[in-house]
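One structure is given here, and the rest of the page talks about it.
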Amino acid sequence: MALAGHAVESEHEATSTGLPNTKLAMWLFLASDCLLFGALISSYVLYRGASVTGPYPGEVFDIPYTSVSSFVLLASSLTMVLALAAVQRGELGRARVWLLATALLGMTFVGGQVYEFTTFYREGLSLSTNLFGTTFYVLTGFHGTHVAIGILMLLTLVAMSFVGMVTQRNSMAVELVGLYWHFVDIVWIVIFTVVYLIPTGT
Amino acid sequence: MREQAAPTRPAARGRTVRHPSPKEYIRIAVVLGAITAMEVAIYYLDLPRGILIPFLFLLSALKFALVVLWYMHLKFDSRMYARLFMIGIAGAMTLYIVVLLTFRAFAG
Numbered sequence: 000m001a002l003a004g005h006a007v008e009s010e011h012e013a014t015s016t017g018l019p020n021t022k023l024a025m026w027l028f029l030a031s032d033c034l035l036f037g038a039l040i041s042s043y044v045l046y047r048g049a050s051v052t053g054p055y056p057g058e059v060f061d062i063p064y065t066s067v068s069s070f071v072l073l074a075s076s077l078t079m080v081l082a083l084a085a086v087q088r089g090e091l092g093r094a095r096v097w098l099l100a101t102a103l104l105g106m107t108f109v110g111g112q113v114y115e116f117t118t119f120y121r122e123g124l125s126l127s128t129n130l131f132g133t134t135f136y137v138l139t140g141f142h143g144t145h146v147a148i149g150i151l152m153l154l155t156l157v158a159m160s161f162v163g164m165v166t167q168r169n170s171m172a173v174e175l176v177g178l179y180w181h182f183v184d185i186v187w188i189v190i191f192t193v194v195y196l197i198p199t200g201t
Numbered sequence: 000m001r002e003q004a005a006p007t008r009p010a011a012r013g014r015t016v017r018h019p020s021p022k023e024y025i026r027i028a029v030v031l032g033a034i035t036a037m038e039v040a041i042y043y044l045d046l047p048r049g050i051l052i053p054f055l056f057l058l059s060a061l062k063f064a065l066v067v068l069w070y071m072h073l074k075f076d077s078r079m080y081a082r083l084f085m086i087g088i089a090g091a092m093t094l095y096i097v098v099l100l101t102f103r104a105f106a107g
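If you read the sequences in order, they're chains A and B.
If you're matching positions, the first sequence starts at 0 in numbering that gives the first Met the number 0 and goes up one per residue.
If you're matching positions, the second sequence starts at 0 in numbering that gives the first Met the number 0 and goes up one per residue.
Structural data, given as structure tokens:
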């Protein structure tokens, strides 16, 4: 793919690495979060098909519904990068619109997850029903919490933009929240495949 | 009495990197959407597990790579970030694959 992009100059204080410490710290945090989600995904895989009572995954999952949720989260990643591109070009008004769109898509995803959890609960699957319930709710619940925290960060960015704390020359905050948001998206990419699409055989 | 000068902050440094254009971001989003649609379509095909699972993992890895390289800018930013992130991913994968193998999670 051709690189017809835009040059981005980020300003930061001099550091020993030559890179902004805040961005380095965010990547370090994301690397550590891989271990958290790795543990939760592994637990799910370990106990996959080990439940002795139902409901089982095949009985409760609604793949078309979850697919729509996945599309919503992917779309939110697009609006997030468009927000970053807009703020880096100095188009603050447009950046606010994209940030709000990202938050709205995030809320739609979380709302969908709450609906899914409620439906599963009504169908008899609680946190303590079986191993599937325990590992599923903990894994997807942690992910949903990450999305909810991301929404709060996005709304904070919008508020910050109104008081001059987010500008073209000071776009690092948007970039950091963007990194977090995309990380949440890539975790969902893995969860969608491992939890929903791969059949358990039960 | 002479006023003591406030400690000066280190000079700001500028680093210019090239990020993709909004059109490229949209193109990536279309590809991501198409791969997701393909994943869902494959789910409904009655494929043997031996083919279905590797294929789903391949598509998932492709989406993962597209987001990390283009949206998280690892393709364009300093390699230091990529190294840090890879340490996390490689560490997590090694640790948990060993755990899963220890508990015979893949047996049968």
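By construction, the Cβ of each residue, glycine as well, lies at the ideal position given by its N, Cα and C atoms.
Taking Thr-139 (chain A) as the reference, give the member of A:Val-186, A:Asn-20, A:Asp-32, A:Phe-182 with the closest Cα.
For this step, residue 139 (chain A) is matched to residue 140 along the first sequence. Measuring from the Cα of Thr-139 (chain A), the nearest candidate turns out to be A:Val-186.
In chain B, what lies closer than 9 Å to Gly-30 (chain A) by C-beta?
Start at 1 with the first residue of the first sequence, and residue 30 (chain A) comes out as number 31. Checking the sequence, you will find Ala at residue 30 (chain A) rather than Gly. Going along chain B in sequence order, the residues near Ala-30 (chain A) (Cβ under 9 Å) are Leu-83, Phe-84, Met-85, Ile-86, Gly-87, Ile-88, Gly-90, Ala-91.
Using a threshold of 7 Å, state whether the C-beta atoms of Leu-154 (chain A) and Ala-102 (chain A) are closer than that.
One-based indexing of the first sequence puts residue 154 (chain A) at position 155. One-based indexing of the first sequence puts residue 102 (chain A) at position 103. Closer than 7 Å, so yes.
For Ser-127 (chain A), would you say it is in contact with chain B, using Cβ-to-Cβ distances shorter than 7 Å as the test?
Your numbering for residue 127 (chain A) matches position 128 in the first sequence. No - not a single Cβ of chain B is within 7 Å of the one on Ser-127 (chain A).
is_contact[Ser-69 (chain A), chain B] using C-beta, thresh 7 Å
Working through the first sequence from its first residue, we reach residue 69 (chain A) at position 70. By this cut-off, Ser-69 (chain A) is an interface position.
Check whether chain A comes within 7 Å of Phe-102 (chain B), counting only Cβ atoms and requiring the distance to be less than that.
Taking the first residue of the second sequence as 1, we reach residue 102 (chain B) at position 103. Interface residue, yes.
Is it the case that the Cβ atoms of Ala-30 (chain A) and Phe-84 (chain B) are separated by a distance below 7 Å?
Numbered from its first residue, the first sequence carries residue 30 (chain A) at position 31. Numbered from its first residue, the second sequence carries residue 84 (chain B) at position 85. Going by C-beta atoms, Ala-30 (chain A) is nearer than 7 Å to Phe-84 (chain B).
Quick one, which residues of the region 164-186 of chain A are near chain C if we go by CB-CB under 7 Å, in chain order?
The structure shown contains no chain C; its protein chains are A and B.
Backbone CA spacing between Gly-90 (chain B) and Leu-39 (chain A) [nearest angstrom]
Taking the first residue of the second sequence as position 1, residue 90 (chain B) is located at position 91. Taking the first residue of the first sequence as position 1, residue 39 (chain A) is located at position 40. Their backbone Cα atoms lie some 15 Å apart in a straight line.
What does Ala-84 (chain A) reach in chain B if we use C-beta pairs closer than 9 Å?
In the first sequence, residue 84 (chain A) corresponds to position 85, counting from 1. Within chain B, the residues near Ala-84 (chain A) are His-18, Pro-19, Ser-20, Pro-21, Tyr-24.
Could you tell me if Glu-2 (chain B) is buried or exposed, where buried requires 16 or more neighbouring beta carbons within 10 angstroms of its beta carbon?
The residue labelled residue 2 (chain B) in the question sits at position 3 within the second sequence. Residue placement at Glu-2 (chain B) is poorly supported in this model, since its pLDDT is 40, which falls under 50; the coordinates still yield a value, given next. Exposed is the call here.
Range covered by the alpha helix (DSSP H) that runs through Ala-64 (chain B):
Here residue 64 (chain B) refers to the residue found at position 65 of the second sequence. 48-65 is the extent of the alpha helix (DSSP H) around Ala-64 (chain B).
Between the alpha carbons of Ala-81 (chain B) and Arg-121 (chain A), how many angstroms are there, rounded?
In the second sequence, the residue the question calls residue 81 (chain B) occupies position 82. In the first sequence, the residue the question calls residue 121 (chain A) occupies position 122. Taking the straight line joining both Cα atoms gives about 44 Å.
Alpha carbon to alpha carbon, how far is Leu-57 (chain B) from Pro-47 (chain B)? Give it in angstroms, no decimals.
Indexing the second sequence from 1 puts residue 47 (chain B) at position 48. Indexing the second sequence from 1 puts residue 57 (chain B) at position 58. Going by the C-alpha atoms only, they are around 16 Å apart.
Which of the residues in the region 45-68 of chain A, read from start to end, lie with their CB under 7 Å from any CB of chain B?
Leu-45, Ile-62, Ser-66
Only counting the same chain, and skipping five residues up and downstream in sequence, which positions put a Cβ closer than 8 Å to that of Tyr-24 (chain B)?
Indexing the second sequence from 1 puts residue 24 (chain B) at position 25. Excluding sequence neighbours, Tyr-24 (chain B) sits near Trp-69, Tyr-70.
Determine which residues of the region 49-82 of chain B have a Cβ less than 7 Å from any Cβ of chain A, and write them out in chain order.
Ile-52, Leu-55, Phe-56, Ser-59, Lys-62, Phe-63, Val-66, Val-67, Tyr-70, Met-71, Ser-77, Met-79, Tyr-80
Secondary structure, beta strand (DSSP E): runs of 3+ residues fully inside the region 3-91 of chain A:
5-12
Taking all protein chains shown into account, do 16 or more other C-beta atoms lie within 10 angstroms of the C-beta of Glu-38 (chain B), making it buried, or fewer, making it exposed?
In the second sequence, the residue the question calls residue 38 (chain B) occupies position 39. When all chains shown are included, Glu-38 (chain B) counts as buried.
Could you tell me whether the Cβ of Val-29 (chain B) comes closer than 7 Å to any Cβ of chain A?
For the purposes of this step, residue 29 (chain B) is taken as the residue at position 30 of the second sequence. Val-29 (chain B) does not count as touching chain A.
Cβ neighbours of Leu-18 (chain A) in the same chain (closer than 7 Å, five flanking residues each side left out)
Along the first sequence, read from residue 1 onward, the residue named residue 18 (chain A) stands at position 19. Same-chain partners within the cutoff: there are none.
Host alpha helix (DSSP H) of Arg-82 (chain B) (start-end):
Position 83 of the second sequence, counted from the start, is the residue given in the question as residue 82 (chain B). Counting along the chain, the alpha helix (DSSP H) containing Arg-82 (chain B) begins and ends at 78-101.
Start and end residues, alpha helix (DSSP H) containing Ser-160 (chain A)
One-based indexing of the first sequence puts residue 160 (chain A) at position 161. Here the alpha helix (DSSP H) through Ser-160 (chain A) covers 130-161.
Buried versus exposed call for Ala-4 (chain B) [16 or more other C-beta atoms within 10 Å across all chains shown]:
Along the second sequence, one-based indexing puts residue 4 (chain B) at 5. For Ala-4 (chain B), the predicted model reports a pLDDT of 39, less than 50, meaning its position is unreliable and no value from the coordinates is stated.
From what residue to what residue does the alpha helix (DSSP H) around Phe-75 (chain B) run?
Within the second sequence, numbered from 1, the residue matching residue 75 (chain B) stands at position 76. Premise fails: Phe-75 (chain B) is in no alpha helix (DSSP H) and is neither H nor E.
Which residues bound the alpha helix (DSSP H) around Ala-172 (chain A)?
Here residue 172 (chain A) corresponds to residue number 173 of the first sequence, with the count starting at 1. Looking at the DSSP string, the run of the alpha helix (DSSP H) that includes Ala-172 (chain A) is 171-190.
Should Leu-99 (chain B) be flagged as near chain A, meaning a C-beta pair shorter than 7 Å?
The residue labelled residue 99 (chain B) in the question sits at position 100 within the second sequence. Yes - at least one Cβ of chain A is within 7 Å of the one on Leu-99 (chain B).
Would Val-113 (chain A) pass as an interface residue toward chain B - the criterion being a Cβ-Cβ separation below 7 Å?
Along the first sequence, read from residue 1 onward, the residue named residue 113 (chain A) stands at position 114. No, because no Cβ of chain B sits closer than 7 Å to the Cβ of Val-113 (chain A).
Keeping to the same chain, check which residues put their C-beta closer than 7 Å to that of Leu-65 (chain B); ignore five residues upstream and five downstream.
Indexing the second sequence from 1 puts residue 65 (chain B) at position 66. Cβ neighbours of Leu-65 (chain B) beyond the five flanking positions: Ile-27, Val-30, Leu-31.
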